[in-house]
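Heads up: the structure comes next, in structure tokens.
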Amino acid sequence: AWDHTVLGSLCRWRACLAPATPQPPPKYLCAPHSACKTFLDSRAPPHKGGGGGGGSRAAPAPQTAESSRYLPRRPTEKQLAAARPQGQAGADLALIKAASSLLQELFGGKLVATIATFCQRAALEASDRYRYEQQARRKAEGAVAAAAR
Numbered sequence: 680a681w682d683h684t685v686l687g688s689l690c691r692w693r694a695c696l697a698p699a700t701p702q703p704p705p706k707y708l709c710a711p712h713s714a715c716k717t718f719l720d721s722r723a724p725p726h727k728g729g730g731g732g733g734g735s736r737a738a739p740a741p742q743t744a745e746s747s748r749y750l751p752r753r754p755t756e757k758q759l760a761a762a763r764p765q766g767q768a769g770a771d772l773a774l775i776k777a778a779s780s781l782l783q784e785l786f787g788g789k790l791v792a793t794i795a796t797f798c799q800r801a802a803l804e805a806s807d808r809y810r811y812e813q814q815a816r817r818k819a820e821g822a823v824a825a826a827a828r
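In this note's numbering, the protein residues as written are 680 to 828.
Right, here's the structure in full:
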């Protein structure tokens with residue numbers, strides 16, 4: 680379970696520093712992010728069972744909520760067990776790392792890739808060539824639509 684004495688009562692949504700509120704649920708999010716979580720999860724496609732005669736006996740993969748991309752994952756038992764020999768400070772550090780999706784990306788090496796991808800995309804979209812290609816694509820789509828009429 681999340682230890683509120685270590686983590687405090689801040690919203691756990693990625694990079695949010697607003698205080699968490701008990702209403703609306705869940706109590707670990709601020710009110711705007713609770714509404715956002717509800718909205719994202721309601722838009723998720725329904726999970727389809729795996730009994731379709733394909734011969735596979737594997738259990739269907741559990742559906743992940745769209746909001747899970749923005750929320751931290753609880754530390755696994757393996758992570759907690761690895762932190763126990765370090766004492767309470769190690770366990771607290773493992774809990775803090777697990778409570779922040781930004782820290783998870785940083786320690787997992789994914790934050791660098793996320794930033795690099797963002798910078799490449801921003802540079803591409805700011806270039807004159809990108810704008811020219813977008814205009815040419817729109818003209819071509821317009822010509823195809825006009826020819827179809």
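Where is the CB? At the ideal position from N, CA and C, for every residue including glycine. Just so we're clear, the structure is a prediction, and the values are computed from it rather than from any experiment.
Excluding residues up to 5 positions away in sequence, CYS690, TRP692 and CYS695 lie with their Cβ nearer than 7 Å to the Cβ of HIS712 in the same chain. For PRO698, the secondary structure class from DSSP, reduced to helix, strand or coil, is strand.
Secondary structure at LEU750: coil, using DSSP grouped into helix, strand and coil. Residue pairing from DSSP places LEU689 in a beta bridge opposite PRO698.
Nearest neighbour of PRO751 by Cα position, chosen from ALA760, LYS776 and ASP771, turns out to be LYS776. With fewer than 16 other Cβ atoms from the protein chains shown falling within 10 Å of its own Cβ, SER721 counts as exposed. In the structure shown, LYS706 falls within a coil segment according to DSSP collapsed to helix, strand and coil.
DSSP places ALA773 in the uninterrupted alpha helix (DSSP H) bounded by 766-778. For ARG810, the enclosing alpha helix (DSSP H) covers residues 807-827. Check the Cα spacing between ALA770 and each of ARG753, GLU784 and LEU781: the tightest is with ARG753.
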